[in-house]
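Trainee: Got a structure here, written out as structure tokens. Questions coming.
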Amino acid sequence: MRVLAIAPHPNDETIGPGGSIALHTGAGHQVTIGHLTNGERGSRTVTANELSRTRQAEAVRAAAVLGVPETQVRFLGLPDGGINPHDTGQFTAVTRLLRQVCPDLLYLPHPHDGAFDHEAAFALCWRAAGMAGSSNFGDCGPPYWVPTVLGYEVWQPITSPAYLCDITTVVDLKVTALECYVSQSPAVKGAGQSSQVGPGGALLSAWRGVTTTGGHREAFAVLRLGALL
């Protein structure tokens, strides 16, 4: 099974479907992580160029914790704060990634994830997922239709998730991967800033467990579903 998880910024892939990624790699699935931006605007105390390099390195370390090798981590280099589903260059970059990876399962932010970049990332990736199966944009590679697409949550919980994945057995890996993102801690970002570094990053999955059947669960919107049989 080939899996592609697309993140607006480095760490979204861990906050959202991090536990699911660990389950995929543990099952022997081939997982690729695609970072749309380098998250270079995510600090008030570090320059954009420095933070870009730092967050890329953190993303590689976090991916390794989840079982994804560095060769399967891609950085598209789109502008942080400037994801634009109407930009042809950005659209072709994502379409090319989809056609290169040919995922059986695609993870992307759910349509109403709150943050501007996350909702723009959904619109961009959803547009690319719709076009990737056509014969258009031949310079992006051979056509490929992504059969299953799941939307994950980071900033805005999904109102009525259609799918809950039990990550209880790998939640420690999710927390350890989040701890790789030292640049996103308040100590680096500045006082009063949000932080998903450490155990706090697993609170949403714990709440999903509390409100369903216990343990830790990641919730997803089912945006496209492949064959059931």
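First residue of the sequence shown? That's 4 in this note's numbering, and the numbers climb one at a time after it. Every residue gets a Cβ at the ideal spot worked out from N, C-alpha and C, and that includes glycine.
#1: For residue 115, name the three-state secondary structure that DSSP assigns.
#2: Roughly how many angstroms separate the alpha carbons of residue 117 and residue 161, rounded to a whole number?
#3: Taking the alpha-carbon of residue 153 as reference, which of 12, 13, 24, 214 has the nearest alpha-carbon?
#4: How about residue 40 and residue 85: do their beta carbons lie closer than 9 Å?
#5: Roughly how many angstroms lie between the CA atoms of residue 174 and residue 10, to the nearest whole one?
#6: DSSP three-state label for residue 94, please.
#7: How many whole angstroms separate the CB atoms of residue 94 and residue 131, which I take to be in contact at a CB cut-off of 8 Å?
#8: Going straight from the alpha carbon of residue 184 to that of residue 7, what length do you get?
#9: Report the CB separation of residue 42 from residue 177 in whole angstroms; it is logged as a contact under 8 Å.
#10: Going by DSSP in three states, residue 49 sits in which element: helix, strand or coil?
#11: Whole-angstrom Cβ separation of residue 164 and residue 205, contact assumed at under 8 Å?
#12: Looking at residue 99: is its Cβ nearer than 9 Å to the Cβ of residue 128?
#13: Under DSSP, the beta strand (DSSP E) around residue 28 begins and ends at which residues?
#14: Would you call residue 55 buried or exposed, if buried means 16 or more other Cβ atoms sit within 10 Å of its Cβ?
#15: Quick check on the DSSP output: the beta strand (DSSP E) that includes residue 262 runs from which residue to which?
#16: Tell me, please, whether the CB atom of residue 84 is closer than 9 Å to any CB atom in chain B?
#17: Which word fits residue 113, buried or exposed, when buried means at least 16 other C-beta atoms lie within 10 angstroms of its C-beta?
#18: Among the candidates 119, 16, 53, whose CA atom is the shortest distance from the CA of residue 186?
#19: How about residue 128: is its Cβ closer than 8 Å to a heavy atom in the ligand PLP?
#20: Would you identify the three-state DSSP class for residue 5, choosing helix, strand or coil?
#21: Straight-line CA distance for residue 104 to residue 220?
#22: By how many angstroms is the C-alpha of residue 188 removed from the C-alpha of residue 181?
Mentor: According to the structure data:
#1: coil
#2: 10 Å
#3: 24
#4: yes
#5: 19 Å
#6: helix
#7: 6 Å
#8: 21 Å
#9: Between residue 177 and residue 42 the Cβ distance is about 18 Å, and since that is not below 8 Å, they are no contact.
#10: coil
#11: Contact doesn't hold; Cβ gap of about 17 Å is too wide.
#12: no
#13: Residue 28 -> not in any beta strand (DSSP E); alpha helix (DSSP H) instead, spanning 21 to 29.
#14: buried
#15: Because residue 262 is not part of the residues shown, which for the chain are 4 to 232, the question remains open.
#16: Any reference to chain B falls outside this structure, which holds one protein chain only.
#17: buried
#18: 53
#19: Among the components modelled here there is no ligand, and therefore nothing to report on the ligand PLP.
#20: strand
#21: 27 Å
#22: 10 Å
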